[in-house]
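**Q** In this note's numbering, the protein residues as written are 4 to 114.
See below:
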C-alpha cells in the first residue's frame with residue numbers, strides 16, 4: 004500500500020496546510036515518466052520519515068487550480084509545506100539520496 008496519499012483541492016487545507024508536521028507535496032501527472040521513476044524513492048522516504056513528514060500527491064491534470072496556486076511549471080515538482088507555508092521546492096527526477104538530503108532538516112524539527 005502506498006504511503007503517499009492522493010489529495011484533492013477540497014482536502015488540501017486539512018491534509019497539508021493544517022498538518023502538524025511538514026508535508027512533502029508531489030505535484031505529478033500520470034503521463035509523466037520522471038514522476039513514475041521517482042515513485043520508488045518517494046515510497047522509501049515516506050516509510051523512513053513516517054510520523055515526521057507527511058507525503059501527499061497532487062495530480063496536476065485533476066487539480067489545476069492547486070498547480071496554478073503553487074506556480075507548478077513542470078512535473079514532478081515537490082514542495083515542502085510547514086505550518087501552512089512553502090519552505091522548500093525542487094523539481095525533476097529525484098533519487099533516494101536527494102530526498103534524504105532535502106528532507107532531513109525537516110524531520111523531527113520543532114513545529
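We put the beta carbon where it would ideally sit given N, CA and C, even for glycine.
Does DSSP classify residue 51 as helix, strand or coil?
**A** For the purposes of this step, residue 51 is identified with residue 48 of the chain shown, where counting begins at 1. Residue state, collapsed to three classes: helix.
**Q** Does DSSP put residue 6 in a helix, a strand or coil?
**A** Within the chain shown, numbered from 1, the residue matching residue 6 stands at position 3. DSSP places residue 6 in coil when its eight states are reduced to three.
**Q** Mind checking whether residue 82 and residue 20 have CB atoms under 8 angstroms apart?
**A** On the chain shown, position 79 is the one that residue 82 refers to. On the chain shown, position 17 is the one that residue 20 refers to. No, the Cβ-Cβ distance between residue 82 and residue 20 is not below 8 angstroms.
**Q** Could you have a look at residue 114 and say whether DSSP puts it in helix, strand or coil?
**A** What you label residue 114 is simply residue 111 of the chain shown in a count that begins at 1. Only weak support is given to the placement of residue 114: the predicted model assigns it a pLDDT of 43, under 50, and the value that follows is read from those uncertain coordinates. The answer is coil: DSSP assigns residue 114 none of H, G, I, E or B.
**Q** Once you ignore the five residues that flank residue 66 on each side, which residues in its own chain have a CB closer than 7 angstroms to its CB?
**A** Translated into positions along the chain shown, residue 66 becomes position 63. Within the same chain, residue 66 has close Cβ partners 11, 12.
**Q** Take residue 30 as the anchor and find which of 72, 60, 91, 110 has the nearest alpha-carbon.
**A** One-based indexing of the chain shown puts residue 30 at position 27. Nearest C-alpha to residue 30: 60.
**Q** Determine the contact status of residue 56 and residue 106, defining contact as a CB-CB distance below 8 angstroms.
**A** Counting from one through the chain shown, the residue named residue 56 turns up at place 53. Counting from one through the chain shown, the residue named residue 106 turns up at place 103. Result yes, Cβ atoms of residue 56 and residue 106 sit closer than 8 angstroms.
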